[in-house]
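Report on the structure given below.
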Ligand code: T46
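Numbering (the working numbering), first residue to last: 4 to 139.
What follows is the structure, encoded as structure tokens:
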């Protein structure tokens, strides 16, 4: 599986660091929504779903966490531990977020507004859905 992880440009000077993200430049989709999670309970695993029509970039702006990706054929584990790194997650990708450090803040840039009907929350349904999409 091709994992798309960005290393955003860092603007550093003697005052510290700054990362700037612009739609159409660093972010390859219109940003319609931003959300973030923090105070994650130790040992918890979040996500456990896929989306039919949603592109996202996950940025762990503080602390660290890991992301499990599954496209129905292959899986990958990705660690996010730098505030200048972004993980791109396309449509049709099962995701789980885990191993959050106690200080983790995971910010997500999303291409569409929140829509519960876009979620596939059953893994079996996800597998059927991606098989259908590839006409196997
Ligand atoms: C995803 C991963 C990376 C909203 O009201 N608006 C929102 O935009 C979002 C994302 C969530 N919510 C509500 C819905 C639930 O009552 O916040 C609550 C927690 O959401 P959820 O259980 O879906 O959170 P995660 O961490 O399992 O998944 C989230 C996103 O939902 C999902 O799209 O890709 O982060």
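Ideal placement from N, C-alpha and C gives every residue a C-beta, glycine not left out.
Please read these numbers as outputs of a predicted model, since none were measured by experiment.
Quiz prompt | Whole-angstrom distance between residue 134 and residue 15, CA atom to CA atom | solution = 46 Å
Quiz item: Should residue 50 be counted as a contact of the ligand T46 given a C-beta to heavy atom distance under 8 Å?
Solution: Residue 50: yes, Cβ under 8 Å from the ligand T46.
Quiz item: Skipping 5 residues on each side, what residues in its chain have a beta carbon closer than 8 Å to that of residue 26?
Solution: 32, 33, 34
Exercise. Pull up the distance between the alpha-carbon of residue 61 and that of residue 72, whole angstroms please.
Key: 12 Å
Practice problem: Would you kindly report the start and end of the unbroken alpha helix (DSSP H) that includes residue 134? | Solution: 126-136
Practice problem: May I have the straight-line CA-CA distance separating residue 54 from residue 93, to the nearest angstrom? | Solution: 8 Å
Quiz item: Is it the case that the CB of residue 92 approaches a heavy atom of the ligand T46 more closely than 8 Å?
Solution: yes
Quiz prompt | Minimum length 3: unbroken beta strand (DSSP E) runs contained in the stretch 18-64 | solution = 19-21, 36-40, 49-54
Quiz item: Does the beta-carbon of residue 21 have 16 or more other beta-carbons within 10 angstroms, so that it is buried, or is it exposed?
Solution: Around the beta carbon of residue 21, a 10 Å sphere encloses fewer than 16 other beta carbons of the protein chains shown; the residue is thus reported as exposed.
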